[in-house]
Every structure is written in structure tokens, then in C-alpha cells.
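Reviewing the structure listed below.
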Ligand code: ADE
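In our numbering, the protein residues as written are 86 to 313.
As C-alpha cells, then:
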């Protein structure tokens, strides 16, 4: 899968995503991530990409032209017009199901906003989806784009190894993960639950299921109706 991230901070995006599992997936050519600098496509002197809002008000607005030209360069080069996701707190809130939908795409373009947003006309012209990563406001769309790319990438076949993909199962069932323990058996006087040391797999599975249900009811009752 190919991600094209339109941003004013390509280094920020690439530094984050070339690390760890997404970085390994890039090396294995399972995913391709390209951060394209919008500033490279401005026709204004001094590399300007934003301007004052018409009608007045605080902050600056990202201009339509450099974003449009960035999009033209990407779509022209790849000869396709993939979905364009604009990261904004005004978008639909991202969730696992949305990641599964996006993971079906061969290519995805992501637009990171900054300042007080982007000229509305760019949304009308090229943007197909508007996505928020939660009800809080960040300084820009780069971290949200990284969150989304990370979440989608791990669904691409081969990106996770067997052990890593097994971890995914618990969330799949709409339950939170059960408590995990590793050595030593006693830490600061606290013992690992006896059942986990029993070697009795059926009892361990039952205990984990029970813990997951308890935890989900306590912490995320909103997730619960989805469970049989
Ligand atoms: N840009 C700023 N805040 C954001 C958020 N919560 N989600 C997506 N994009 C954003």
C-alpha cells in the first residue's frame, strides 16, 4: 500500500514512520510512505503557503494553490486519483473499522492542515474524506496522519509477524486486553495471579476472558453492546 502525505513538515512524519514496525514494513516494501512538502509547490516568493482569512479573525489559513499543485504532482506521477483524507478535528472520528476500510485501498493521499485550517475550496476540489483522531485539538495534522498510517499499515498482510498479529485478536472481539505479567513471579511483594502459573490452558483462557469482560465493562462500557 502506498501513502502520500501532503505536509509542511515532511521530516516529522518520516522520522516517526521510518521507526519500528512501519519502518520495517517500508524496508520490506510492504508499504511505501512518501511525505511531500507542500512548500515545494508554492509559486509565492519566500515560500509562503498561508495567508490572512477573508473576513478577518485570528490565525492564518493555508492557501489552496500550493496544496492543489502538490496534489496534481502526486496524482500526475502515479497516474491515479486515490482518496484524499484531510486530517481535521472537524472530521469523522477515526476507529478500527475505518482503518479496515482504508486498508483496502492501494493508494491513499493524506493532507495535513496547519494554522487555522485550509481554504475551504481545496476540500471541495480534492478531499474525499475528513478524519479526526479524537475530540481534542493538536497543532497540526502530522501526528494524526502518523496515527492513521500506523493503524492502517498494521492491517496490511505481512506487516505484523505472527506474534504481533495475535495481539490484535482481543480488540477484534471488541474487548480490552486482559492483564499481562512476565518474570519475576513476585515484584515488590506482588504475586502473579496463580492461575497463570498453573499450566492449565483452559483455565488460563477462561480467566483471561473473564478479566477482559470485567475490564471492558468497567473502562469502556460503550464498547460492550458489540459483544455476544
Ligand atoms: N488536527 C488538529 N487536531 C486534530 C485532530 N484531533 N484530529 C485530526 N486532525 C487534527
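Virtual Cβ for every residue (Gly too), placed ideally from N, Cα, C. Quick caveat: nothing in here was measured; it's all calculated off a predicted structure.
CB of residue i within 8 Å of CB of residue j, strictly
i, j, result
"residue 184", "residue 236", "yes"
"residue 207", "residue 89", "no"
"residue 227", "residue 107", "no"
"residue 261", "residue 293", "no"
"residue 98", "residue 152", "no"
"residue 277", "residue 270", "yes"
"residue 167", "residue 190", "yes"
"residue 291", "residue 241", "no"
Neighbourhood of residue i by C-beta distance below 7 Å, restricted to the same chain and skipping five residues each side
i, result
"residue 179", "216, 217, 218 and 233"
"residue 200", "135, 144, 145, 146 and 147"
"residue 163", "192"
"residue 149", "204, 206 and 207"
"residue 264", "296"
"residue 123", "91, 92, 93, 134, 151, 152 and 155"
"residue 165", "192"
"residue 308", "259 and 301"
Cβ neighbours of residue i in the same chain (closer than 6 Å, five flanking residues each side left out)
i, result
"residue 176", "215, 216 and 217"
"residue 94", "227"
"residue 211", "156 and 169"
"residue 113", "none"
"residue 230", "90, 172, 195 and 197"
"residue 96", "none"
Status (buried if at least 16 other CB within 10 Å, exposed otherwise) for residue i
i, result
"residue 267", "exposed"
"residue 140", "exposed"
"residue 213", "exposed"
"residue 282", "exposed"
"residue 304", "exposed"
"residue 105", "exposed"
"residue 274", "exposed"
"residue 239", "buried"
"residue 127", "buried"
"residue 287", "exposed"
"residue 222", "exposed"
Whole-angstrom C-beta distance between residue j and residue i, which should lie under 8 Å
i, j, result
"residue 115", "residue 244", "5 Å"
"residue 170", "residue 156", "Their Cβ separation, rounded to whole angstroms, is 12 Å, which puts residue 170 and residue 156 out of contact at 8 Å."
8 Å CB neighbourhood of residue i in its chain, flanking five on each side removed
i, result
"residue 117", "86, 87, 88 and 111"
"residue 173", "198, 202, 215, 216, 217 and 226"
"residue 224", "199"
"residue 220", "174 and 178"
"residue 138", "144, 145, 146 and 201"
"residue 289", "280, 281 and 283"
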